[in-house]
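S.K.: The structure that follows is given in the form of structure tokens.
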């Protein structure tokens, strides 16, 4: 079965921890063992796994991406959001997490992070579990 | 079962939309629900998901990757294609897409994009579906 | 079933080929066909697929990542390892490989590469196989 999480973003670029929303869906599914795919159906957003403790880490990630892929850089695409498309592919459209004992199995400091690169917008995240 | 798509590239760096080829294999498989892994067995190519509408987006992605990881940059590897290896790991060797109702479930603007970074060459893409 | 590989790193940044360790686990599992997820439960390390022949390729990857995401760059995170966190998300927390005939199915030059970005440390890699 396919599940959807709705994420509201409030800045042009922003990283939001959605671990607890994904964890809740895994628990509700009653699936004990398997894989959880977290997929972003947008081409100017992404999903990644990174630190869930100090929010400065997520700010540093946004800063380095902005520095590496500047908002303005003689892009051909006329919508003005090419940097967001590039960042989307660099970070990736999905992550996979192991499910064990009915829970997401993440490292101590790992959180599931939704990456907005062309906000603010209302976004979707699709969750698919496989046993 | 494992499926193979052959991709012919015509430039040194190039991004090609292979969504329809993958979609065709999914439909032929008769699998109704599951996951589709699209895997590139090369270390100087990659696979990503990005915009399927304006081809300028794919050109902008290539431009930014070239700027960030220059073709010549005092590399140690003597074959002269180190930039392609770096880009390959940054973009990734596989993508996963949800299968629902016997179809790839992609966002409105998402296409499956083969990335050539050391062409022109004849390349393979492996497709594995899991229910 | 979930398997764990322990990796000892000896430098701050280092890429280690762990293909044979993963291959051994796949063979021992007796699984004939499916997918193998290789997952890194750390936020300052990563996993990628790249060349298994000339080790200079892995050195060139580390060099380009260091140049793009410098160790010192006015980061907010006070632990001093923000560059490692950024590189971790750029390279990714997991890779998926097809299992066929009881073996990992990789391209001729592909190896599974553990990426240390904040070592030296003792690290874990989790392996999950799905049929």
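Chains as they are written, first to last, in this note's numbering: chain B, 30 to 160; chain F, 30 to 160; chain C, 30 to 160.
Where a beta carbon is used, it is the ideal one built from N, C-alpha and C, also for glycine.
Where DSSP assigns a beta bridge to residue 80(B), which residues make up the other side?
M.R.: Numbered from 1 along the first chain, position 51 holds the residue referred to as residue 80(B). Residue 80(B) is bridged to 139(B).
S.K.: In whole angstroms, what is the alpha-carbon distance linking residue 94(F) and residue 147(F)?
M.R.: As a position in the second chain, residue 94(F) is number 65, starting the count at 1. As a position in the second chain, residue 147(F) is number 118, starting the count at 1. If you take the alpha carbons of residue 94(F) and residue 147(F), they lie about 13 Å apart.
S.K.: Beta-carbon within less than 7 Å of residue 81(C)'s beta-carbon, same chain only, minus the 5 sequence neighbours each way: which residues are those?
M.R.: On the third chain, position 52 is the one that residue 81(C) refers to. Closer than 7 Å at Cβ, skipping near neighbours: 46, 48, 138, 139 and 140.
S.K.: Can you give the beta carbon distance from residue 73(C) to residue 113(C), rounded, assuming they're within the 8 Å contact cut?
M.R.: For the purposes of this step, residue 73(C) is taken as the residue at position 44 of the third chain. For the purposes of this step, residue 113(C) is taken as the residue at position 84 of the third chain. About 4 Å separates the beta carbon of residue 73(C) from that of residue 113(C), a gap short enough to meet the 8 Å contact definition.
S.K.: Closest to residue 75(F) by CA distance: which of 64(B), 92(B) and 119(B) is it?
M.R.: Taking the second chain and counting its residues from 1, one reaches residue 75(F) at position 46. The candidate whose alpha carbon is nearest that of residue 75(F) is 119(B).
S.K.: So if DSSP puts residue 100(B) in a beta bridge, which residue, or which two residues, is it bridged to?
M.R.: Position 71 of the first chain, counting from 1, holds the residue named residue 100(B). In the DSSP output, where bridge partners are listed per residue, residue 100(B) has none listed.
S.K.: May I ask which residues mark the beginning and end of the alpha helix (DSSP H) holding residue 120(C)?
M.R.: By one-based count along the third chain, residue 120(C) stands at place 91. Counting along the chain, the alpha helix (DSSP H) containing residue 120(C) begins and ends at 111–120.
S.K.: Classify residue 54(C) as helix, strand or coil using the three-state DSSP reduction.
M.R.: In the third chain, residue 54(C) corresponds to position 25, counting from 1. Helix at residue 54(C).
S.K.: Establish whether the CB of residue 175(F) and some CB of chain B are separated by less than 8 Å.
M.R.: Because residue 175(F) is not part of the residues shown, which for chain F are 30 to 160, the question remains open.
S.K.: Tell me, which residues are paired with residue 34(B) by DSSP?
M.R.: Numbered from 1 along the first chain, position 5 holds the residue referred to as residue 34(B). Its beta-bridge partners are 154(B).
S.K.: Looking at the C-beta of residue 158(B), does it have a partner C-beta in chain C at a distance below 8 Å?
M.R.: Taking the first residue of the first chain as 1, we reach residue 158(B) at position 129. Cβ-Cβ to chain C under 8 Å: no for residue 158(B).
S.K.: What residues from the stretch 67–85 of chain C come within 9 Å of chain B, judged by C-beta to C-beta, listed N to C?
M.R.: 68, 69, 70, 71, 72 and 73
S.K.: Hey, quick one: how far does the beta strand (DSSP E) through residue 147(B) stretch, first residue to last?
M.R.: For this step, residue 147(B) is matched to residue 118 along the first chain. Premise fails: residue 147(B) is in no beta strand (DSSP E) and is neither H nor E.
S.K.: Expressed to the nearest angstrom, what Euclidean distance is found between the alpha-carbon atoms of residue 37(F) and residue 87(F)?
M.R.: Taking the second chain and counting its residues from 1, the one referred to as residue 37(F) is at position 8. Taking the second chain and counting its residues from 1, the one referred to as residue 87(F) is at position 58. Roughly 17 Å separates the two Cα atoms.
S.K.: Between the C-alpha atoms of residue 142(B) and residue 44(B), what's the straight-line distance to the nearest angstrom?
M.R.: Here residue 142(B) is taken as the residue at index 113 of the first chain, counted from 1. Here residue 44(B) is taken as the residue at index 15 of the first chain, counted from 1. Roughly 6 Å separates the two Cα atoms.
S.K.: Please say whether residue 42(B) and residue 91(B) have beta carbons closer to each other than 8 Å?
M.R.: Residue mapping note: residue 91(B) aligns to position 62 of the first chain, counting from 1. Residue mapping note: residue 42(B) aligns to position 13 of the first chain, counting from 1. With respect to the 8 Å criterion, residue 91(B) and residue 42(B) are classified as neighbours on the basis of their beta carbons.
S.K.: Quick check on the DSSP output: the beta strand (DSSP E) that includes residue 45(C) runs from which residue to which?
M.R.: For the purposes of this step, residue 45(C) is taken as the residue at position 16 of the third chain. Per DSSP, residue 45(C) belongs to the beta strand (DSSP E) from 43–46.
S.K.: For residue 70(B), collect the residues of the same chain with a Cβ closer than 7 Å to its Cβ; drop the 5 residues on either side in sequence, then sort them by chain order.
M.R.: The residue labelled residue 70(B) in the question sits at position 41 within the first chain. Same-chain partners within the cutoff: 153 and 155.
S.K.: Taking the beta strand (DSSP E) that residue 132(F) falls in, what are its first and last residues?
M.R.: Sequence index remark: in the second chain, residue 132(F) carries index 103 (1-based). Residues 132–134.
S.K.: Would residue 30(B) count as contacting chain C if we go by Cβ distances under 8 Å?
M.R.: As a working note, residue 30(B) is residue 1 in the first chain. It does not: the Cβ of residue 30(B) has no partner Cβ on chain C nearer than 8 Å.
S.K.: Under three-state DSSP, which class holds residue 91(B)?
M.R.: Within the first chain, residue 91(B) is the residue found at index 62, counting from 1. Residue 91(B) falls in the helix class under three-state DSSP.
S.K.: Start and end of the beta strand (DSSP E) containing residue 66(C)?
M.R.: Sequence index remark: in the third chain, residue 66(C) carries index 37 (1-based). Taken as a continuous stretch (DSSP letters only), the beta strand (DSSP E) holding residue 66(C) covers 63–68.
S.K.: Under 7 Å between beta-carbons, which chain F residues line up against residue 97(C)? List them in chain order, please.
M.R.: Position 68 of the third chain, counted from the first residue, corresponds to residue 97(C). Going along chain F in sequence order, the residues near residue 97(C) (Cβ under 7 Å) are 97.
S.K.: Checking 8 Å against the spacing of the C-beta atoms, do residue 89(B) and residue 115(C) come in under that value?
M.R.: The residue you call residue 89(B) lines up with position 60 of the first chain. The residue you call residue 115(C) lines up with position 86 of the third chain. Yes, Cβ-Cβ distance for residue 89(B) and residue 115(C) is below 8 Å.
S.K.: Step through the CB atoms of chain C and report whether any lies within less than 8 Å of the CB of residue 132(B).
M.R.: Numbered from its first residue, the first chain carries residue 132(B) at position 103. With 8 Å as the cut-off, residue 132(B) does not count as an interface residue toward chain C.
S.K.: Which first and last residues belong to the beta strand (DSSP E) in which residue 108(C) is found?
M.R.: Taking the third chain and counting its residues from 1, the one referred to as residue 108(C) is at position 79. Looking at the DSSP string, residue 108(C) is not in any beta strand (DSSP E), and its letter there is neither H nor E.
S.K.: At a CB-CB cut-off below 9 Å, which residues of chain B make contact with residue 43(F)?
M.R.: Taking the second chain and counting its residues from 1, the one referred to as residue 43(F) is at position 14. Within chain B, no residue comes near residue 43(F); the closest Cβ sits about 15 Å away, beyond 9 Å.
S.K.: Buried or exposed: residue 121(B), going by 16 or more other Cβ atoms within 10 Å of its Cβ?
M.R.: Taking the first residue of the first chain as position 1, residue 121(B) is located at position 92. The residue in question, residue 121(B), is buried, as its Cβ has 16 or more Cβ neighbours within 10 Å.
S.K.: For residue 28(C) and chain B, any beta-carbon pair shorter than 8 Å?
M.R.: In the structure as shown, chain C starts at 30 and stops at 160, and residue 28(C) therefore has no counterpart that could be examined.
S.K.: Going by beta-carbon coordinates alone, are residue 125(B) and residue 31(B) separated by less than 8 Å?
M.R.: In the first chain, the residue the question calls residue 125(B) occupies position 96. In the first chain, the residue the question calls residue 31(B) occupies position 2. Contact flag unset, no.
S.K.: Is residue 160(F) helix, strand or coil by DSSP?
M.R.: On the second chain, position 131 is the one that residue 160(F) refers to. Residue 160(F): coil per DSSP, three-state reduction.
S.K.: Which word fits residue 157(C), buried or exposed, when buried means at least 16 other C-beta atoms lie within 10 angstroms of its C-beta?
M.R.: Along the third chain, one-based indexing puts residue 157(C) at 128. By the neighbour-count rule (16 or more Cβ atoms within 10 Å), residue 157(C) is buried.
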